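**Student:**
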Amino acid sequence: QWIAEEELQWALTQFRAQSGTIIVMDPRTGEILAMANSPTFDPNDLSKADMAAVQNTAISAQYEPGSVFKMITAAAALDSGVVTPTQTLTDTGSIAVGQRVIL
């Protein structure tokens, strides 16, 4: 847990970000090993807390997972042998699947 919180603070400083979240999961079991959010708050003094910081954004924030999901798609393609690590792919901007075009 401590390492996740330290790495999050490092990344926030490095990239001048206002907020961030880290989740560390065991991929074999799905067990959450660590979860860290920033900004943080003092749970003993909620009267001074920014209400946005009180939310656990790791589990409550909504976002478009497209960029995050790209590595999962790439890993599945490599694992199934559809592509190789040295193969170059060209993105034409769309693909036809049946009678539909996906952009």
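The sequence shown lines up with residues 812 to 914 when you count with the numbering used here. The beta-carbon is built from N, C-alpha and C at its ideal position, and this holds for glycine as well. Note that the structure is a prediction, hence the values are computed from the model and not measured.
Quickly, what does DSSP pair I833 with across the bridge? List them, please.
**Tutor:** Taking the sequence shown and counting its residues from 1, one reaches residue 833 at position 22. DSSP output for I833 lists A847 as bridge partner(s).
**Student:** Of all the options G904, T903 and A887, which has the alpha carbon lying nearest to the alpha carbon of P896?
**Tutor:** As a first step, residue 896 must be located in the sequence shown, where it is residue number 85. Among G904, T903 and A887, the Cα nearest to that of P896 is on A887.
**Student:** Where does V912 sit, in a helix, a strand or coil, going by DSSP?
**Tutor:** Working through the sequence shown from its first residue, we reach residue 912 at position 101. If DSSP states are grouped into helix, strand and coil, V912 belongs with the strands.
**Student:** Grouping DSSP H, G and I as helix and E and B as strand, with all else coil, what is A828?
**Tutor:** Within the sequence shown, numbered from 1, the residue matching residue 828 stands at position 17. Residue state, collapsed to three classes: coil.
**Student:** Could you check the C-alpha separation between E875 and M882 for me, to the nearest Å?
**Tutor:** Numbered from its first residue, the sequence shown carries residue 875 at position 64. Numbered from its first residue, the sequence shown carries residue 882 at position 71. About 14 angstroms.
**Student:** Determine the direct distance from the alpha carbon of T884 to that of S878, and round the result to whole angstroms.
**Tutor:** Within the sequence shown, numbered from 1, the residue matching residue 878 stands at position 67. Within the sequence shown, numbered from 1, the residue matching residue 884 stands at position 73. The alpha-carbon atoms of S878 and T884 are separated by roughly 10 angstroms.
**Student:** Report back the beta-carbon spacing between L775 and I833 to the nearest angstrom; my notes put them in contact at under 8 angstroms.
**Tutor:** Past the boundaries of the shown model lies residue 775; the chain is included only from 812 to 914, so the question cannot be answered.
**Student:** Flag this pair as yes or no: are the beta carbons of Y864 and M846 separated by less than 9 angstroms?
**Tutor:** Here the question's residue 864 lines up with position 53 in the sequence shown. Here the question's residue 846 lines up with position 35 in the sequence shown. The sequence shown places Ala at residue 864, not Tyr. No.
**Student:** Classify N855: buried if its beta carbon has 16 or more other beta carbons within 10 angstroms, exposed otherwise.
**Tutor:** In the sequence shown, counting from the first residue as 1, residue 855 sits at position 44. With fewer than 16 Cβ atoms within 10 Å of its Cβ, N855 is classed as exposed.
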